[in-house]
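Have a look at the structure below, then the notes.
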Amino acid sequence: MKHEIKDIHCNAKNCVYNEEGSKCVAGHIEVGPSSACTCAETICATFEPSAEVSK
Ligand code: SF4
Numbered sequence: 002m003k004h005e006i007k008d009i010h011c012n013a014k015n016c017v018y019n020e021e022g023s024k025c026v027a028g029h030i031e032v033g034p035s036s037a038c039t040c041a042e043t044i045c046a047t048f049e050p051s052a053e054v055s056k
C-alpha cells in the first residue's frame, strides 16, 4: 500500500538541507537516476554539501 511521505528523514548530515534530528528541510527533493533498480542505486540529486564540508 502506497502512502504519501510528509516528512523526509535523511541521515546525510553533511547536506545543507539536513537539520538536527536528521530532518530534510529542502521542501522538495529530486531523487534518481531513472535507471535505478534497487534502493542502493538511488541518490538524492538535491544534496548540497554544507559549508564545513566544501571548505
Ligand atoms: S536534500 Fe537530499 S541529501 Fe539533503 S537532507 Fe534532503 S534528502 Fe537528505
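Numbering (this note's numbering), first residue to last: 2 to 56.
Backbone N, C-alpha and C fix where the C-beta goes; we use that ideal spot for every residue, glycine too.
Since we're looking at a predicted model, the values are computed, not measured.
query                                                                                            : result
Find out if the Cβ-Cβ distance for the pair ALA46, VAL32 is shorter than 8 Å.                    : yes
How about GLU49 and CYS16: do their beta carbons lie closer than 8 Å?                            : yes
According to DSSP, which residues form a beta bridge with ASN19?                                 : CYS25
May I have the straight-line CA-CA distance separating ASN19 from LYS7, to the nearest angstrom? : 16 Å
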